[in-house]
Structures are given as C-alpha cells and as structure tokens.
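Sequential numbering of the sequence shown, starting at 4, is according to my numbering.
Heads up, the thing below is written out as structure tokens.
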Amino acid sequence: MTSPTAQYTDFSKDVIGRYVCNGLDEALRSTSGRPDAKPFDVVIVGGGSFGGAAAQHLLYSDTFRNHRILVLEAGPFLFGEHVQNLPAIGLVAPGPTTVDPGVPRAEVWGLPWRTDVPLGFPGLAYCIGGRSVFFGGWSPELLDAEMPAAVWPRQVVQDLKTKYFAQAAEQIGVDQTNDFVFGAMHEGLRQLLFDGLGTVAAAMPLAQLPPPPWPVSANGIEKLEAPLAVQGGPPRPGFFALNKFSSVPLIIRAARAAWVESGGDDIKKRLMVVPNCHVTRLETSISQGVGEIVTVHTSHGPVSLPRRGVVVLAAGTIENARLALVSFGGTLGYDLIGTNLVSHMRSNLTFRLPREVLPGLIGRDLETSALFVKCRRTHPGDNSVSHFHLQITAAGRTATDTPDSEAQLFQQIPDIDTIDRFRQADENNIVMTIRGVAELQAGNPATHVTLSSETDEFGIPRAFVSINPNANDGDTWNAMDGASDAVRQIFAAVAGSTDLARNRDGLGTTHHEAGTLRMGVSPAQSVTTPNARFHHVLNAYVAGPALLPTMGSPNPMLSGVALARRLAEHLVAPLDPPALEVGFQWLFDGTQASLANWQQAGPGIFDYDPNEKVITARPGGDIGLFFFTGSGFSDFTLRLQFRVDSRNDNSGVFVRFRDPRQPPPLGLNDPRIAGNPAWLAVDTSFEIQIDEMAQPDQADMHRTGAVYAIPIGGGAGQQIYARGSALQPGEWNDYEIQVVGETYDVRLNGFQTAHFINTDPARGMPASLDLLSGYIGLQTHTGAVSFRAVRIQG
C-alpha cells in the first residue's frame, strides 16, 4: 500500500515525489466506492518526454473536464527538471551497451531490448520525464523537404506548420534566439561562418531556409544561430525563466493543478501519475482483424478500460513497437509494426584554434558559442535527397584545460566564485567541435524492430533491434564528414588549426529512434492514422517520434512534442466541422434552415440536434431514407462527415437514385416500394456502405467504404476494394464520393476504398439523362449514425 505521507530516505524526504505521484492502488481506489467515482478513460503508457507533454496538454485542453487521465511510468521520480538545470550534479547518460546488466546504470538507465547493432544503445531513462531529463537540447524544425508528401499525411503537415510546431517551439524554448549565448567570440565566429558558408558545397543557402521563430535581418545571418531548447529569460514579466526543457515541470504542474482542482479528493482528480509501474501488455479483443484494448496489464495488476477508453503508447519508439507486437497479434496490418525504424548517423570533429582567429577579441575570458548549419546530399545513384546538419560548439580554453567545446555551455552556476574564475581565466585558444547529425533513409527493410526469443523479467518477449544502413546512408555520412572538414577550414584559414579528435558514433547511440509506428492515410502502408491511432485497433494511440514517416536530421523532441499536443487536442477537444471548400455548395450546413431541402422517405427517424448541428439516423421497422430534394445531380464530388455510435451500427449514402416522390420507372417491379419508397433508392442507385461488421456475411462488399453488394474483383461490373481504417465509435469520419460518368470512386478519411465502373443502365442514372434521377440521400438501418457537413461540387 502506498504511504499517504512523504517518506524519509537516509538523506532526504520525498516531498516532490509524494506531492506529484500516486500509487496504482490509490489510482484504482479512486475509480469506485462513490456515485461520483469514474474510471480512467485515457491511460498513457510512459511518463517520459512525450507522455508527459501529452498528459499536461490533455488536462488543460479538456475544457469540459469530463476525462480522467492515468499516466503509468515504469521508473521512479528522479529530478524535478533537466539535469543541466541542477548545479554540477554530475549525473549524465551512460554510454552504449548491447546487454543490460540487470541493474540501473547511471541510477535510472536500462536497455530493455536486444540488438545486433555494434556498440549497442544507451537505452532508456526509466524515470518521470524519461530521456528529456538528459537530452542535448538541439531542436531544429523539420523542413518541408524532410516531410515528403508521398509519405506524410497532408493534414498532419498542415497542422504542424500552421500551429503545432510553433506551440512546441514555445513549449521547449526554441521560439527565441539564444539569449544565453552571446558575446564577441560568438558574434565573430558566426560572421566567419557566414562569410565562408559558400565554400561548403553541401550547406543549404540561407535564402532557401525558412525563417526561424526569432527575428532575422536581411542577410539571414541569424539562421546560423543554434536552435537550443533553453530559455534564459522569462516568458513574461513576473515569471522565472524556463531554463532547459524537460517534460518533468509539465508533469509537476499538471499533477498539482489536478490536485488543487480536486480539493485533495482523489476521486475528483482528473490526472494521476503512477511511477514504478511497468506496463507488460495490452489485453486486446479482436474481431474481423480489428482490435480493442480491454485491459492494461502492469507489474502491479490490471487496469480495466471503460467503454470508449483509450490507451496512448508513449514509452519510446522501440518499446512502443514491442508493446504493440506483443499485444496486437491477429489485427490487420500487424506485419507493418516495427518496420520503418529510422535513426541518426553522427560524427564528431574536435579541433583547436588560436585566439588570433578573431583578432578583435579583447579580455582574457573568451566565453562560448553555439552555431548551426543545415545541409543536404543528393545521391548520384537515384537522385534521392538526404538531410543532415552540423552542430557547432566552441569555448575559450587555457593551455592546461581539457579540450571540451561545451565546458561553458549548458551550465547552472549558482556561485559567484566559479563565475569569477571563468571571468579571470587566461584563455589563449578556442576549442571547437562540429557534430554532424544525418538521417537514415526511411523504408529500409533491413532496419526494424522485431520480437526477440528472450523474455524480460515479466516473462514478456523483449524487442530485437537491427539497423543496417543502405548505400545512400553511407554516401550521406561521407558527405557530412566532408562538410565538417569544409566548415573547419573556414575557421582554420585565418590562423590554422590543430585536430584533437575525430570519430563516428555508433548507430544506436543517438537516442533518436523513430518511425516504427509511422502514421499515414493508407492502412496498407502505415501503422497509424493521421490522428495517431492504430488503423485497426480502435482505442490505441501513439505519442512521440514512433509516428514519424521520415525523420529528417532534427532531434525528434520538437516534432514529438508537437504531435503529442496535436493528439491531446484530438482526444478531448470537440472537432469542428470542415469549412466549405471553393467550388462546393452546402446541402446540409448544420442549420435548421438547410433542412428545408431535405425530406424523409420510409420509416425510422432522422433527428436534428441544434446544439451539435448534426442529423442522426435511427432505425424503424424497415430501411429509411433522408434525401436532398433540391435537385438531382449528374457528375459530382460529394463530401460529408459521419459518426457511428457503435461498431454494430449500419447506414449508408445513396447516390444517383430516382426521386422517391415519383412512381418507379417502367419495368421496375419491386413490391417493397409500394409500402416503403426508400426501396426505390436501393433499386435505382448505389449505396456507399457504412457497416464495420459487414453484415450479414462479413464480406468486404458489405463493409464500410464499399459500393454495397457489388462483387469485388477486376472484371466488368465488379469493384476494386481496399479496406480502410477501422471506425472508432464517437469519432467523426470523412467520406468523399466522386461520380463521373459511370465511374464511382470512394475515399474514407482520405484513403481510396472503392473504384467501380457501372455496367447496369437501370441504376445510377444522372440528372442530365433523367430529371427525376440523380438524387442523393442518407440511410437509416441499424443503430445511431450521425451526419454533418454535407456538401457537393457539380
């Protein structure tokens, strides 16, 4: 049982841990025992870099305060902020290893996976905040070219560029130029680099780079400033500086806000953080290849999910993939899990420059500098492009100092004695390090995460990680090292230089794994949807760089935080209907007035909710139809949104049917029409189906996204069908139905599910050939299916 009060150790009292965290027993106890007790409907696996960011933004975005969030972290509470915000604590990330020793390294580090990568990996920081407590801080933004349209969902890129990159930059502290890196040496080195950048063949011209969040002069020299996740100044008057980013202060703030809001009543707390709680597997029920998590199993017992409860995987790129592999067997798309692993290649070049490289320097203390150069490499074999960048650090050093270019960077110095020692140092040389960071190309089948034959301490298979660069990756690495030499020559040209060290880091040492659960529109080519949900697991989401289709050269902290904030808003914030696109007209815009051109045929009910501005189809004794009476249509593109309440719900969209107010055409002798004119739509048009269970026979021609009951195949009168992402009850989905001549194309959430060429002259008559045909309507059949934003072009 968790102690209700802060506990003493031999040296301290665990006040912060007790004030921020709960035990799992406390969390589970808060879900029952009173009429107002509620279960946790959002469970986040991992309280590290991105789980913490997601949890905090979930709490603050939940304006209706009707969600409960449970964060399960495998490690303890360690520090209250980034380790470099603590004065000379002396705890750093350990070096790489291939086999975990079974006890934590550097207090909290462990390697849960096995690998054939030479040198291995440092592993994961098992603590609240995870690797964000130790991360280096270099956080540039992805370029457009690093998010290619062929693999990145268009809406995701648009959201990142218009909103979430900026929010994440402000959150982690890269939205302003470095107020803590300044001085004559920094400005002099920056000017030298600017003047000589044209000699670096791989360097991208500054004019081709987008403007950073900070002000830029006409020549763009400020684009060479290092994008560091540090804020030395306060964000507003009266506030303290944010210092170097980690997710721990976010978690502390959110947990305490939840406590204050609840008045100390655990049952009313909307957020609980449980450390030392290892999630072992996700118990998943599976039907027709679609999974739904029902229980989260942990080292301290199970956590049951309520109806519509969701799980967010935020345990790190490799562990997220492992958890999915051990939990989602039997779901569609399972074979894609763990593929597309990407990481970074990294090189280091350290050299010494005499202070005469900058003749104008005065004073003995040369101080420090940090600069950044973005580069790219076009590969001669296939003309593909890879990106890399150079992180340049420099520090003034004396003749007897260790050659450390970061000796005066990322330091929390609380005493004036140490500061005075730096000021009085007689520094006669500059030590500079150029660290190159390059992307591995995505989609390499030899680089992946699979399950190992070895099990962990809980009897669950470990992950096995393989990274095998391709020929283009080797070309990129060579180009990056060449660019580092060219940049060194810019500085050495003035007064010479002395090389001190040169090395390439192991492929597993960068902490920058990504891509194993990549997002995309197509379930056949990606693991998760553009909304970060597994295509075929209804209630499993992902936070962090595992979602990235490609990595680019940046540290994934900025993109990971941006996607975590985007996911948080998707889970709890109401989704507004889409705006009317150019060239489209409303058939139903959510207003009562727009219903004047709609009429019901047959039984059932079509409810209008003026608050939510939606139509909900509810069944009667037979099928029913709600159709637009304004006119029929010929060639058109129809767009609408729909939402199912249950996986068993059944509805559809009829296109190009005969006006049900008119008698059937000659030769149509369906006796059902006399008692229910909705059957006229069935006989004279085509239905675009909404039915996740594909009743009555589970055949795909009866499934969501299909042209109903049209046989599947490539022959005449058959449809080509591809199954889309599973529909999550309660979530809005987009349908686009395009009809041109006799060709029907259907897209579900941007993914083409059906292509059909009609060969039946009695069905799908356009209004151009028959003014009594070409009508569009919604069906009621089973359950409650809601519709909104119905619009058409044509």
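From the three backbone atoms N, C-alpha and C, an ideal C-beta is built for every residue, glycine too.
Because the structure is a prediction, the values reported are computed rather than measured.
Contact between residue 251 and residue 132 holds: their C-beta atoms lie close to 4 angstroms from each other, under 8 angstroms.
Under a 10 Å Cβ-count criterion, residue 287 is classified as buried, with 16 or more other Cβ atoms of the shown protein chains found around its own Cβ. For a cut-off of 8 angstroms, the C-beta gap from residue 33 to residue 272 is around 7 angstroms, short enough to register as a contact. Comparing C-alpha distances from residue 468 to each of 572, 460, 484 and 512 shows the shortest one belongs to 512. Here DSSP, grouped into helix, strand and coil, assigns residue 358 to helix. Note that the C-beta distance between residue 648 and residue 732 is below 8 angstroms.
For residue 251, the uninterrupted alpha helix (DSSP H) segment begins and ends at 251-265.
When only Cα atoms are considered, residue 316 and residue 736 end up about 23 angstroms apart.
Taken through DSSP and simplified to helix, strand or coil, residue 438 comes out as strand. Inter-segment contact for the stretch 62-70 and the stretch 78-91 is absent: fewer than three beta-carbon pairs are separated by less than 8 angstroms. Pairing residue 464 with residue 518 gives a Cβ-Cβ distance that is not under 8 angstroms. A distance of 8 angstroms or more separates the beta carbons of residue 694 and residue 686. Between residue 85 and residue 527, the alpha-carbon positions lie close to 40 angstroms from each other. When the beta-carbon positions are compared, residue 739 and residue 661 stay at least 8 angstroms from each other. Annotation: the continuous beta strand (DSSP E) that includes residue 724 extends over 722-724. Residue environment for residue 4: exposed (fewer than 16 other C-beta atoms within 10 angstroms of its C-beta). In the DSSP assignment, residue 54 falls within the alpha helix (DSSP H) that extends over 52-64.
Shown here, residue 34 sits in coil according to DSSP, grouped into three states, outside any helix or strand.
About 6 angstroms separates the Cβ atoms of residue 490 and residue 437, confirming a contact at the 8 angstroms cut-off. Of the residues 522, 348, 534 and 485, the one whose Cα lies closest to the Cα of residue 476 is 348. Bounds of any beta strand (DSSP E) do not take in residue 160; it lies within the alpha helix (DSSP H) bounded by 157-162. Around the Cβ of residue 681, a 10 Å sphere holds 16 or more other Cβ atoms; the residue is buried. In the DSSP assignment, residue 190 falls outside any beta strand (DSSP E) and within the unbroken alpha helix (DSSP H) covering 187-199. In the DSSP secondary-structure assignment, residue 693 is bridged to 654. By the CB criterion at 8 angstroms, residue 454 and residue 329 fall inside the cutoff.
Contact between the stretch 227-247 and the stretch 108-128 is not established, with fewer than three Cβ pairs separated by less than 8 angstroms. With respect to the 8 angstroms criterion, residue 696 and residue 621 are not classified as neighbours on the basis of their beta carbons. For residue 22, the uninterrupted alpha helix (DSSP H) run begins and ends at 18-23, by DSSP.
The Cβ atoms of residue 496 and residue 435 lie no closer than 8 angstroms to each other. The three-state reading of DSSP puts residue 344 in coil, since its state is none of H, G, I, E or B. By the criterion of at least three beta-carbon pairs nearer than 8 angstroms, the stretch 543-551 is in contact with the stretch 559-566. Here the C-alpha atom of residue 258 lies approximately 21 angstroms from the C-alpha atom of residue 173. Rounded to the nearest angstrom, the gap between the Cα atoms of residue 320 and residue 577 is 28 angstroms.
Per DSSP, reduced to three states, the secondary structure at residue 326 is helical.
According to the DSSP assignment, residue 637 belongs to no beta strand (DSSP E), since it is labelled neither H nor E. In this chain, the beta strand (DSSP E) harbouring residue 283 covers 282-290.
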